[in-house]
Amino acid sequence: MNENLVRIKRKNQTVIFIVVLTVFTYLSSVITDFNILHGIATLPEAIVWIFSNLVITEESLERLPTIVEKLIETILMSIAATTTATIFSLILGVMGSKTIGTSKALGVFARFVASLSRNIPVVAWALILLLSFGQNSLTGYLALFVGSVGFLTRSFIEVIDEASQSAVVALRATGATYVQIIGKAVIPECLPQMISWVLFMIETNIRNATLVGILTGTGIGYSFDLYYKTMNYPGVALVTISIVLAVILIELLSNHVRKVIL
Amino acid sequence: MPLLTVEQLGKSYNTHTKVLRNVNFEVEAGEFVSIIGPSGAGKSTLLRCINRMVDIDEGAVIFNGADVGMLNKKELRTLRTDIGMVFQHYNLVPRLSVIENVLHGRFGYKTTLQGIMGRFTEAEKERAFYLLEKLGIAEHAYKRCNQLSGGQQQRVGIARALIQEPKIVLCDEPIASLDPKASTIIMDHLKSITVELGITCIVNLHQVEVARDYSDRIIGLREGQVVFDEMSYRLTEQRTDILYGTKSKPVTQVRELLTV
Ligand SMILES: Nc1ncnc2c1ncn2[C@@H]1O[C@H](COP(=O)(O)OP(=O)(O)OP(=O)(O)O)[C@@H](O)[C@H]1O
Ligand SMILES: [Mg+2]
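Residue numbers (the numbering used here), protein chains in the order written: chain Z, 43 to 304; chain V, 13 to 272.
And the structure:
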C-alpha cells in the first residue's frame, strides 16, 4: 500500500515537472519573439543550402597546404597556452588546496584568481585583451592561457584535496621540507588525474582557438574568417572539416595517452 | 639520562575535552615499550606529541636532551630525522616503487633541491637495498607499492623509518590491518630492530597478548592518563580488565543477555 502511494506521488511529480517545463518554454519563446514552428520549417531549406554550397571543390583543395599550416600553428599555440597555464595552475592549485595549502589568505587568493579567470568566457577574455594587445597571436595565446589557468587551478585543487594525505603525514614525520613533500608525495599521487585534465584542456583549447582566432586574426580562425567574408564557401567547408578532423585526431590521441597512464 | 622523558604532558584538540592529562614516563635507550589502552584513550596523540606532529599544550617532552616543544622549524626537522615513524596504513606513496618509498626516509637530511631532484648517494642506495634484503622484500624493490601485500607494505614502511638512522621508532598500531602471520613477521622485525640495532621502539598496540609477548615494558593509557607502567609480565588479567573497563559482567547479567 505504501509502495503504491510512493508511486503515485512520483507520477505526480513527473507531471508537474513536464507542465512547468512546457510553460517555461512557451513563455520564453513568447518573450524572445522566437517562433519555434517557423524555425523548424526553415530547417530543411538550411540543410539544402549547406549541402549545395559548403562542398569542397578541387579549387579549394589547392589551399590545403596554407590551411594545414594555419591549423598546426593553432594547435601548437593551444598546447603552449595549456602547458604554461599548467605550471601556474600547479602553484595556484597547491596554494588553494584545503589539505596542503599553507595559509588561508593565499588559499582565498588562489581560488579568487581561478574563479575570476574561469567565469569570464574565453571569447570575452579575447575581446578584453584585444583592447590592450591588439590583433596578434599574443592576444590569442593570452586569452587561452587565462581561461586555462582558471579551469586547471580548480581541477587541480579538487584532485589534490581528494588524494590521500597519509603519505604527506609520513614524509612530514621524516623531516622532509614542504616542497619535498609536494614534489615527492602529493604530485606523484595526483599525476594521472592531473595529466588527464591537461589533455582535456588541450582539446578544449584547440576548439576555442578557432573562435579566438576569428577575433584576434590569427591561426585557423583567421582563415575561416577570411573565406567566410569573401564568400568562399568551399574554403569555409575545407577549414571546418580540417578543424573537425584535427580535434577528433587529438581526442583519439589523448584518450590513448590516458589509457596508458591511468 | 633517559632517551625520552615525558613530563606532565597535557594535550587537547579543542577547549572542552582533554585528550592527554598529566602523562609522565621515561624511556631508556634500547627499550621496547608498548602502549595499550582502549580506543580513544590518546595513544596516537601521545606518539604524535613525541615528534611534534601535533603541538604540545602542557608539560614537556624531552628527547635526547632537547625540549621538543621549544624547537624552531629547523631544529624540529633535525629532531624528526632521529625519530622514525611506522603507521597502521603504511602511509606509502602507492604509485611509486618500493625503493623510492624507502629513500623518502632520507629527505630530512637533504636540501629541498636535492630531495626534489632525487639525488641520493651510492651509500644511501646500498643501505636501502641492504634494509630491503634484511626485511625479506629485496625482490620487490622495483615494484610499485600498491602491488604489494599489506605485510610487505608495512616492511617498506619499516625500511623507510630505518634508513633515517633513527634513535627511536614510533609505531602506531603497526599490525592492526594485518593477519596473524603477517603480524608476527612485523613484530619480529620490530623486536630485532631493538635487539640487533639497539634502536628504541615505542609501539601502540590493541592486542594485549602481543604487547606482553614482545615488549620489555607496557604503558597502559586510559582516558588520557597513565594507569599502568610496569614490566610486561606484571600485567595481569585483572589489571587489563581495569585498564579496558571490561570488568567481566556479573554472571547473571550475561545469562540474561543470552536468554533474550
Ligand atoms: N586531529 C584531531 N582533532 C580533534 N580531535 C582529535 C584529533 N585526533 C584525535 N582526536 C580525539 O582525541 C581522542 C584521542 O584520540 P587518539 O587517536 O589519540 O586515540 P587512540 O588511543 O589512538 O585511539 P585508537 O585506538 O582508536 O587509535 C579521541 O577522542 C579523538 O576523537
Ligand atoms: Mg590511534
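Every residue gets a Cβ at the ideal spot worked out from N, C-alpha and C, and that includes glycine.
At the 8 Å Cβ level, is residue i part of the contact set with chain Z, yes or no?
{"i": "V/Val31", "result": "no"}
{"i": "V/His201", "result": "no"}
{"i": "V/His28", "result": "no"}
{"i": "V/Ile128", "result": "yes"}
{"i": "V/Gln164", "result": "no"}
{"i": "V/Val114", "result": "no"}
{"i": "V/Val110", "result": "no"}
{"i": "V/Gly257", "result": "no"}
{"i": "V/Arg89", "result": "yes"}
{"i": "V/Thr93", "result": "yes"}
{"i": "V/Val168", "result": "no"}
{"i": "V/Arg107", "result": "yes"}
{"i": "V/Leu160", "result": "no"}
{"i": "V/Asn36", "result": "no"}
{"i": "V/Phe132", "result": "no"}
{"i": "V/Thr57", "result": "no"}
{"i": "V/Gly117", "result": "yes"}
{"i": "V/Leu104", "result": "yes"}
{"i": "V/Gly120", "result": "yes"}
Taking DSSP as the reference, what is the three-state secondary structure of residue i?
{"i": "Z/Lys140", "result": "coil"}
{"i": "V/Glu177", "result": "coil"}
{"i": "Z/Glu104", "result": "coil"}
{"i": "V/Val266", "result": "With a pLDDT of 45 at V/Val266, under the threshold of 50, the predicted position of this residue should be treated as unreliable, and no value is reported."}
{"i": "Z/Leu173", "result": "helix"}
{"i": "V/Ala72", "result": "strand"}
{"i": "Z/Ser206", "result": "coil"}
{"i": "Z/Phe198", "result": "helix"}
{"i": "Z/Thr246", "result": "helix"}
{"i": "V/Ile187", "result": "coil"}
{"i": "V/Ser24", "result": "coil"}
{"i": "V/Glu242", "result": "strand"}
{"i": "Z/Ser190", "result": "helix"}
{"i": "V/Met97", "result": "strand"}
{"i": "Z/Thr217", "result": "The amino acid at residue 217 of chain Z is misidentified as Thr; the sequence shows Gly. Looking at Z/Gly217 - three-state DSSP - the assignment turns out to be coil, as it is neither helix nor strand."}
{"i": "V/Ser161", "result": "coil"}
{"i": "V/Glu19", "result": "strand"}
{"i": "V/Ala53", "result": "coil"}
{"i": "V/Leu83", "result": "coil"}
Counting only beta-carbon separations shorter than 8 Å, does residue i have a partner in chain V?
{"i": "Z/Ser208", "result": "yes"}
{"i": "Z/Leu213", "result": "yes"}
{"i": "Z/Gly226", "result": "Reading off the sequence, residue 226 of chain Z comes out as Lys, not Gly. Chain V contact via Cβ: present."}
{"i": "Z/Glu204", "result": "no"}
{"i": "Z/Val302", "result": "no"}
{"i": "Z/Val221", "result": "yes"}
{"i": "Z/Gly182", "result": "no"}
{"i": "Z/Thr116", "result": "no"}
{"i": "Z/Pro230", "result": "yes"}
{"i": "Z/Thr216", "result": "yes"}
Near residue i, what residues of its chain come up, given a Cβ to Cβ distance below 6 Å and the 5 sequence neighbours on each side ignored?
{"i": "V/Ile68", "result": "Cys61, Gly81"}
{"i": "Z/Ala205", "result": "Glu231, Cys232"}
{"i": "V/Asn63", "result": "Arg92, Ile95"}
{"i": "V/Gly71", "result": "Glu19, Gln20, Leu21, Gly22"}
{"i": "Z/Gly138", "result": "Gly149, Ala152, Arg153, Ile199"}
{"i": "V/Asn34", "result": "Gln20"}
{"i": "Z/Thr260", "result": "Ser179, Gly182"}
{"i": "Z/Leu257", "result": "Ala168"}
{"i": "V/Glu185", "result": "Gln100, Asn216"}
Short of 7 Å in beta carbon distance, which residues of its chain neighbour residue i, apart from the five on each side in sequence? Order them along the chain.
{"i": "V/Ala188", "result": "Gln100, His218"}
{"i": "V/Glu43", "result": "Thr212, Asp228, Arg229"}
{"i": "Z/Ala209", "result": "Ala227, Glu231"}
If I measure Cβ to Cβ from residue i and keep anything under 8 Å in the same chain, skipping five residues before and after, which residues do I get?
{"i": "V/Gly257", "result": "Pro50, Arg234"}
{"i": "V/Ile254", "result": "Val239"}
{"i": "V/Leu104", "result": "Asn113, Cys157, Gln165, Val168, Gly169, Arg172"}
{"i": "V/Arg139", "result": "Ile175"}
Of the residues that make up the region 119 to 147 of chain Z, which ones have a beta carbon closer than 8 Å to any beta carbon in chain V?
Those residues of the region 119 to 147 of chain Z that come within reach of chain V (Cβ to Cβ, closer than 8 Å) do not exist; the list is empty.
Pull out every residue of the region 247 to 262 of chain Z whose Cβ sits closer than 7 Å to any Cβ of chain V, in chain order.
Within the region 247 to 262 of chain Z, no residue has a Cβ that lies closer than 7 Å to any Cβ of chain V.
Would you be able to state if there are at least three C-beta pairs under 8 Å between the region 277 to 289 of chain Z and the region 22 to 37 of chain V?
A contact is defined here as three or more CB-CB pairs under 8 Å, and the region 22 to 37 of chain V fails this definition with respect to the region 277 to 289 of chain Z.
Between the region 186 to 193 of chain Z and the region 147 to 160 of chain Z, do three or more beta carbon pairs fall short of 8 Å?
As far as the Cβ criterion goes, the region 186 to 193 of chain Z touches the region 147 to 160 of chain Z, which means the pair count is three or higher.
Evaluate contact between the region 218 to 226 of chain Z and the region 112 to 121 of chain V, counting only Cβ atoms and requiring at least three cross-stretch pairs below 8 Å.
These segments touch.
Below 7 Å between beta carbons is the criterion; list the residues of the region 209 to 223 of chain V that meet it against any residue of chain Z, in chain order.
From the region 209 to 223 of chain V, no residue has a Cβ closer than 7 Å to chain Z.
Validate contact between the region 268 to 276 of chain Z and the region 86 to 100 of chain Z using beta carbons, cut 8 Å, 3 pairs
Yes, since at least three Cβ pairs between the region 268 to 276 of chain Z and the region 86 to 100 of chain Z fall closer than 8 Å, the two stretches touch.
Would you check if there are 3 or more beta carbon pairs closer than 8 Å linking the region 241 to 251 of chain Z to the region 66 to 77 of chain Z?
As far as the Cβ criterion goes, the region 241 to 251 of chain Z does not touch the region 66 to 77 of chain Z, which means the pair count is below three.
Looking at C-beta atoms only, is the number of pairs between the region 122 to 132 of chain V and the region 143 to 153 of chain V that lie closer than 8 Å three or more?
Result no; under three Cβ-Cβ pairs closer than 8 Å.
Scan the region 69 to 84 of chain V for residues whose Cβ lies nearer than 9 Å to a Cβ of chain Z and list them as they occur along the chain.
Per Cβ criterion, the list is empty.
Members of the region 166 to 193 of chain Z near chain V, C-beta cut-off 9 Å:
The residues in question: there are none.
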